[in-house]
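K.L.:
Residue numbers (this note's numbering): 1 to 144. C-beta: ideal position from N, C-alpha, C; glycine also.
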């Protein structure tokens, strides 16, 4: 991993920590921070992690450790919410709304969509291509 990638990862993780710190100290939040806080609040299992920021900013979360990367997980929630809000890829908002009427909760639906997003990103990375938006949307449509 290059130094630039590590710095980007750290700054992204630091943003989660800063939002959590601002919230817990009663400071006002900006619009993006409120979006991030919403995701953080839905994941109480990560609150202690966000309270111990510096040691976790550099931690590797690999699949062989058997642990989910909490920052990646929360970031994917945010990405999906932004996709639905901006309707990008085109059509995702309608698909999401149709599925939301059948789902237990928006949070659970996002977890199902997250599997499609992860698969789409993994395939793009493996093939050294852009993510296939059509395949991504088809995967989401198959969610029951």
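What whole-angstrom Cβ distance do residue 90 and residue 117 have, given they're in contact under 8 Å?
P.N.:
Under the criterion of beta carbons closer than 8 Å, residue 90 and residue 117 do not qualify as touching, at roughly 16 Å.
K.L.:
Are residue 17 and residue 36 closer than 8 Å when you measure CB to CB?
P.N.:
Pairing residue 17 with residue 36 gives a Cβ-Cβ distance that is not under 8 Å.
K.L.:
Roughly how many angstroms lie between the CA atoms of residue 141 and residue 75, to the nearest whole one?
P.N.:
22 Å
K.L.:
How long is the line joining the alpha carbons of residue 69 and residue 144, rounded to whole angstroms?
P.N.:
26 Å
K.L.:
Using alpha carbons as the reference points, say which of 135, 72, 105, 50 lies closest to residue 92.
P.N.:
135
K.L.:
Relative to the alpha-carbon of residue 40, which residue among 137, 99, 15, 101 has its alpha-carbon at the smallest distance?
P.N.:
15
K.L.:
Under a three-way DSSP split, which group does residue 15 fall into?
P.N.:
helix
K.L.:
If residue 130 and residue 95 are in contact, beta carbons under 8 Å, what's the gap, nearest whole angstrom?
P.N.:
That pair is no contact at about 20 Å.
K.L.:
Where residue 124 and residue 113 are concerned, what is the direct C-alpha to C-alpha distance, given to the nearest angstrom?
P.N.:
17 Å
K.L.:
In this structure, does DSSP put residue 90 in helix, strand or coil?
P.N.:
coil
K.L.:
Identify whether residue 21 lies in helix, strand or coil by the three-state DSSP scheme.
P.N.:
helix
K.L.:
Mark residue 27 as exposed unless 16 or more other C-beta atoms lie within 10 angstroms of its C-beta, in which case mark it buried.
P.N.:
exposed
K.L.:
Could you give the distance in angstroms between the alpha-carbon of residue 2 and the alpha-carbon of residue 34?
P.N.:
Annotation note: pLDDT 40 at residue 2 (below 50); position unreliable, coordinate value reported separately. The straight-line gap from Cα to Cα measures roughly 31 Å.
K.L.:
What residues in its chain sit with their C-beta under 6 Å from that of residue 120, if we drop five residues either side in the sequence?
P.N.:
Correct list, in chain order: 131, 136.
K.L.:
Taking residue 113 as part of the alpha helix (DSSP H), name the residues at either end of that continuous run.
P.N.:
106–127
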